[in-house]
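Only one structure is covered here, and it is reproduced in the block below.
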Amino acid sequence: MLTLVFIIIENGLMLFAQAVLDNATVMATRQIQIGTVTTSDTFRSAVCSNMSTFLDCANLNFYVTTSPGAFPAPVTPSTSGAFASKTFSVGSRGDYVLAEVAYNRAFVAPWVISLGGASWVLLSTQAFQNEPKLDAGN
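Residue numbering for the sequence shown follows my numbering, starting at -12 and increasing by one per position.
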């Protein structure tokens, strides 16, 4: 019975962590969309500043790529949460952008749940089109 309680708590914490990661990804990708984030360091800072202290930025990996005509294909992270490619490209105005943020989250009670490892990879994906930058006369 105690194991069931820990599993319920673990699932609740995982869902909370996923919601925090999704929100941080949305907020950071909006900064790409309007042109204020242009480097991987500023993107990492934007994601981390929107995550609570509940999530550690050291376990964060991301992949941002662009395509001028259509959305690029997503890339699946490995079981450790790392992407095979370290691509970071915000593109230019009107480009389609795909941003994937992975977070490797350790179990709170790893002795209760053993699903082939002691962590889960949480993945948040945002696909959007960069906004056109307005001219000074508009």
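We put the CB at the ideal spot given by N, CA and C, even for glycine.
Quick one: Cα of residue i to Cα of residue j, how far?
i: G(-1); j: S39; result: 16 Å
i: M14; j: V108; result: 20 Å
i: N37; j: A11; result: 5 Å
i: P119; j: V88; result: 24 Å
i: A60; j: S54; result: 10 Å
i: S32; j: D43; result: 12 Å
With a cut-off of 8 Å on the beta carbons, I'd call residue i and residue j a contact; round off their distance for me.
i: A86; j: I19; result: 7 Å
i: S76; j: T52; result: 6 Å
i: S79; j: Y50; result: Not quite, the Cβ-Cβ distance comes to about 19 Å (not below 8 Å), so this is no contact.
i: F70; j: N91; result: The Cβ separation is near 12 Å, so there is no contact.
Would you decide whether residue i is buried or exposed? Buried here means 16 or more other CB atoms lie within 10 Å of its CB.
i: T23; result: exposed
i: F41; result: exposed
i: V34; result: buried
i: S8; result: Checking the sequence, you will find Leu at residue 8 rather than Ser. That one is buried.
Between residue i and the rest of its own chain, which residues show a CB-CB distance below 6 Å, the 5 nearest in sequence each way excluded?
i: G115; result: The sequence as given places Phe at residue 115; Gly does not occur at that position. These residues qualify, in order along the chain: Q20 and V84.
- Message: What ranges does the beta strand (DSSP E) occupy inside the segment 66 to 93, keeping only unbroken runs of at least 3 residues that lie completely in it?
- Response: 83 to 93
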